[in-house]
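For the record, in the sequence shown the residue sitting at position 205 is 256 according to the numbering used here, with numbers rising by one throughout.
We treat Cβ as the ideally placed atom computed from N, Cα and C, and that holds for glycine.
All remarks here apply to the structure that follows.
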Amino acid sequence: MTKENKGVSIIVSTNKEGFLENILSNFENLNWDTKELIIILNNDSLKLEDWVNRAEQTEYVTVYQLPEQLSLGACLNFGIDQAKYEYIAKFDDDDYYGPSYLTEAIRAFERTNADIVGKRTAFIYNLKSKQLRLHFPDNEERWVERIRGGTIIAKKEVFSKVRFANISLREDIDFFNRSMQQGFKIYSTSRYNYTYIRRGDGTHTWEPKPKKLIRTSKGIRFTDDYKQYVNKYFDTE
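So, in structure tokens, the structure goes:
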């Protein structure tokens, strides 16, 4: 398998100012040639022209703006309709995706014949405390019922039968449940090449209570450079 013969369409829906550079950086750093990025602005106050002008500096990026009253699920479905490649990935706007993120995922598709691939076990990094933790340990390289919403990669054929519900919370959980009802299989890859970033400012959609987070994760270390512990490089050949 070479990286040229599998295409991935990446969809990012955002309603927040200030994350364009992170979105583009994640996309640019992926060591995968056949890819496209579809950005959907879901906030009327975001200036489409500014985003388009910046995105034009990176190849294979398109930006759309939808009315902010539309749900996240509706925005993602719109992005799916624009996607041209056989794999469709959902990225979050504020997380970190390492260079080998897609390489690892496509290898998992080829190795397991899964329909949906992502991460159940994942690193979490707190920008304020500088602590790196591992969430839901012991869920690597195995079949699961759900993965993290920001790590969904699915074969395009999945979306011909299952779309995201017209909601903005827990749309990923609903998607997993209905996908499994359709007989689609979900596979969790390794802990590597992705990090859920916590800013500690209360603006996250998912805000677990501190005690629950501690109970469902384990501390790795305090560090200023979490990426050196997160990234594991995979050859694209």
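Spatial neighbours of F285 within its chain, please: C-beta separation below 7 Å, excluding the five flanking residues on both sides. Excluding residues within five positions, the ones whose Cβ falls inside 7 Å are S151, T154, E155, R158.
Selected residue, minimal CA-CA separation from F273, among L185, N104, K262: The candidate whose alpha carbon is nearest that of F273 is L185.
Roughly how many angstroms separate the alpha carbons of S230 and T202, rounded to a whole number? Straight-line spacing of the CA atoms in S230 and T202 works out to 15 Å.
Excluding the 5 residues flanking G270 on each side, which residues of the same chain have their C-beta closer than 6 Å to its C-beta? Counting only residues of its own chain and dropping the five nearest sequence neighbours on each side, G270 has a CB closer than 6 Å to the CB of R184.
If we call anything under 8 Å between Cβ atoms a contact, is Y111 one with K141? Against a cut-off of 8 Å, the Cβ pair of K141 and Y111 comes out as no contact.
Inter-residue Cα distance where the pair is D189 and I237: Going from the Cα of D189 to the Cα of I237 covers about 16 Å.
Work out the CA separation of I265 and S211 for me, nearest whole Å. Between S211 and I265, the alpha-carbon positions lie close to 38 Å from each other.
Below 8 Å, can you find three or more Cβ-Cβ pairs linking the region 133 to 148 to the region 95 to 108? They do not touch, by the three-pair rule.
Using a Cβ-Cβ cutoff of less than 8 Å, which residues in the same chain neighbour K67 once the five nearest sequence positions on both sides are dropped? Only N94, D144, D145, T254 meet the Cβ criterion.
Any idea what DSSP makes of Y280, helix, strand or coil? In this structure, Y280 counts as helix in the three-state DSSP scheme.
Short CB-CB distance (under 8 Å) between L99 and chain D: This model lacks chain D altogether, as it is built from one protein chain only.
Which residues bound the alpha helix (DSSP H) around I131? Looking at the DSSP string, the run of the alpha helix (DSSP H) that includes I131 is 123 to 133.
Helix, strand or coil for M52? Go by DSSP, reduced to three states. Unreliable positioning characterises M52 in this predicted model, as indicated by a pLDDT of 44, which lies under 50. A coordinate reading is not provided.
Check whether the Cβ atoms of S60 and I89 lie closer than 8 Å to each other. With respect to I89, S60 sits close: the two C-beta atoms are nearer than 8 Å.
Start and end residues, alpha helix (DSSP H) containing S239: Segment 237 to 239 is the beta strand (DSSP E) holding S239; no alpha helix (DSSP H) there.
Whose CA, out of L178, N228, Q233, lies closest to the CA of Y247? Residue nearest to Y247 within the set L178, N228, Q233 is L178 (criterion: CA-CA distance).
So, for F78: in the same chain, excluding its five sequence neighbours on each side, which residues have a beta-carbon less than 6 Å away from its beta-carbon? Counting only Cβ-Cβ distances below 6 Å, and skipping sequence neighbours, we find L88.
From I175, E100, Y115, D84, residue whose alpha carbon lies closest to that of R295: Since the displayed the chain opens at 52 and closes at 288, residue 295 lies outside it and no answer follows.
Which class does G201 belong to by DSSP, given the choice of helix, strand or coil? Of the three classes helix, strand and coil, the one that applies to G201 here is helix, per DSSP.
Buried/exposed call for T65, threshold 16 Cβ in 10 Å: Counting Cβ neighbours within 10 Å, T65 comes out buried, since at least 16 surround it.
Residue closest to E72, alpha-carbon to alpha-carbon, out of D84, S96, N82, D101: Of the candidates D84, S96, N82, D101, the one whose C-alpha sits nearest the C-alpha of E72 is D101.
Would you mind reading off the limits of the alpha helix (DSSP H) that contains A140? Note, A140: premise wrong, no alpha helix (DSSP H); beta strand (DSSP E) at 138 to 141.
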